[in-house]
Amino acid sequence: MIRTMNIPSKLPDTGITIFTQMTRLAQENGAINLSQGFPDFNTDPKLIELVGHHMRIGHNQYAPMQGVPVLRERIAEKIKELYHADCNPETFITITSGATEALFCAISTIVHHHDEIIIFEPAFDSYLPAVRLHGGIPVFVKLQYPDYTIDWDEVRKKISPRTKAIILNSPHNPTGTVIGSQDIIQLQKIIQNHDLLIISDEVYEHIIFDQIPHEGILRYPDLAARSFVISSFGKTYHTTGWKIGYCVAPPPLTDEFRKIHQYVTFASNTPIQYAYAEIMEEKDYYHKLAVFYQHKRDLFQSLLQDSRFTTLPCRGTYFQMMEYSKISTEPDTVFAGRLTTEYGVAAIPPSVFYHTKDDHKVLRFCFAKTDDTLKKAAEILCRI
Ligand code: PMP
Ligand code: GLN
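Position 62 of the sequence shown, counting from 1, maps to 46 under our numbering, and the rest follow consecutively.
Spelled out as structure tokens, the structure:
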């Protein structure tokens, strides 16, 4: 008999992601899936046509390692227009296979053994394993419930001579909060005294509501000079399955980033890069996207007004946090499971985004869904 081998785990405390778990549970139970963040409607047919077009004309071989030039140029133009920053596409911008790859490569680029990395919790789940895999030490700062604001005094207290970087995420997954100008000032003060790098996860940069400006790090030259700014086309064009993202960083950081990127994926999907480059010529798209999702947020909130859930503020992303303590005292993981199997609506329990499993009796619902899906889900949620 052939004996399979056991190997020591590099991530002994890590299981299958909550997104995979909840989507599977939703499918098994025929539940409406408001858990994993992805749209249940299709992308623009024009974009699909563009991908087909670039396949037909022969854009089917390896893209340059750093990404197709025309896409990097479009991104540089967008950055100039929205954030008034000059980024040479040759030396600052790298196209990656989703923001996930960009985050992994950025973390891999900077983290040496025993480097400390500040992570705000609740945190999107890909940061921590990447830090750990590279021998880094996560230093956690909790966002202050229920507003999920940053306590900068605590950040300052947690900075040590070994602190290498801070990972930021705004608009923030899972909470839907955004950083403001005061947060930027605090960060600027910190970097005056400490030689820190910043990884800024801005994948929801264009999904921000109520006319609030996105405080992108690229707006601030002192911060941008030490930052990896990461974004994703998946959120912006309703194409989460296409997995194209990018990383913007000054040349010395980009040089090191590309050394790793070239051996993680080498290059990303060629025809899709060309298609995004063309669709990016539509300049008012970002404004329309924000309006589109603001309508969905408002609809979902208004549909749940008479429910026993309490709505927490949502200023960006396509996630709505709902507090359920009037309904149940169960832990959020248990309640999320029961909501899926007994009632037929799947959501994400945010306690999994804390290393201490903090349970505020809140669930995260994704509203990147057709109005019809949102109405059906709300009808069920209002009956609970
Ligand atoms: N960061 C955050 C905060 C996200 O929500 C996501 C979405 N999965 C990602 C990164 C990864 O983006 P991508 O799908 O482009 O890899
Ligand atoms: N970003 C998506 C979410 O937060 C899902 C990401 C994933 O499945 N890895 O739901």
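We treat Cβ as the ideally placed atom computed from N, Cα and C, and that holds for glycine. Only a predicted model underlies this, so the values are computations on that prediction, with no experimental measurement involved.
query = Pairing CB atoms from the region 47 to 62 with CB atoms from the region 254 to 263, are three or more of them under 8 Å?
reply = yes
message = Helix, strand or coil, according to DSSP, for Ile16 in the structure here?
response = The residue you call residue 16 lines up with position 32 of the sequence shown. Strand, per DSSP.
request  = Name the two residues that bound the continuous beta strand (DSSP E) containing Gly218.
outcome  = Along the sequence shown, one-based indexing puts residue 218 at 234. No beta strand (DSSP E) holds Gly218; the alpha helix (DSSP H) holding it covers Phe217 to Thr220.
key: Closer than 7 Å: Lys227 CB and nearest the ligand PMP heavy atom   = Taking the first residue of the sequence shown as 1, we reach residue 227 at position 243. Answer for Lys227: yes, Cβ within range of the ligand PMP.
query = So does Gly(-1) have its beta carbon nearer than 7 Å to some heavy atom of the ligand GLN?
reply = Within the sequence shown, the letter at position 15 stands for residue -1. No.
Nearest candidate by alpha-carbon position, reference Pro130, set Ile143, Pro106 and Leu152 = In the sequence shown, the residue the question calls residue 130 occupies position 146. When each option's Cα is compared against that of Pro130, the closest is Pro106.
inquiry  = Threshold first: 4 residues or longer. Then list the alpha helix (DSSP H) segments lying entirely within the region 167 to 211, N to C.
reply    = 205 to 208
message = Bridge partners for Phe349 per DSSP, in chain order?
response = Working through the sequence shown from its first residue, we reach residue 349 at position 365. Beta-bridge pairing links Phe349 to Gln304.
request  = Evaluate the contact criterion for the region 192 to 203 versus the region 39 to 48: three or more CB pairs, one atom per stretch, below 8 Å.
outcome  = no
query = What beta strand (DSSP E) runs, 3 residues minimum, are completely inside the region 233 to 263?
reply = none
task = Return the bridge partner residues of Pro122 from the DSSP annotation.
result = One-based indexing of the sequence shown puts residue 122 at position 138. Answer by DSSP bridge pairing, in chain order: Ile101.
request  = Might you give, ordered along the chain, the residues of its own chain that have their beta carbon closer than 6 Å to the beta carbon of Thr416, omitting 5 neighbours on each side?
outcome  = This structure gives no information on residue 416, because the portion of the chain shown stretches from -15 to 368.
inquiry  = Whole angstroms are fine: how far does the CA of Glu266 sit from the CA of Leu9?
reply    = Residue 9 sits at position 25 when you count from the first residue of the sequence shown. Residue 266 sits at position 282 when you count from the first residue of the sequence shown. Spanning the two alpha carbons is a distance of roughly 38 Å.
The region -9 to 8 contacting the region 236 to 246, beta-carbon criterion three pairs below 8 Å = no
request  = Can you tell me the Cβ-Cβ gap for Asp356 and Pro315, rounded? I've got them flagged as a contact below 8 Å.
outcome  = Within the sequence shown, residue 356 is the residue found at index 372, counting from 1. Within the sequence shown, residue 315 is the residue found at index 331, counting from 1. Actually they are not in contact, since the Cβ atoms of Asp356 and Pro315 sit about 31 Å apart, beyond 8 Å.
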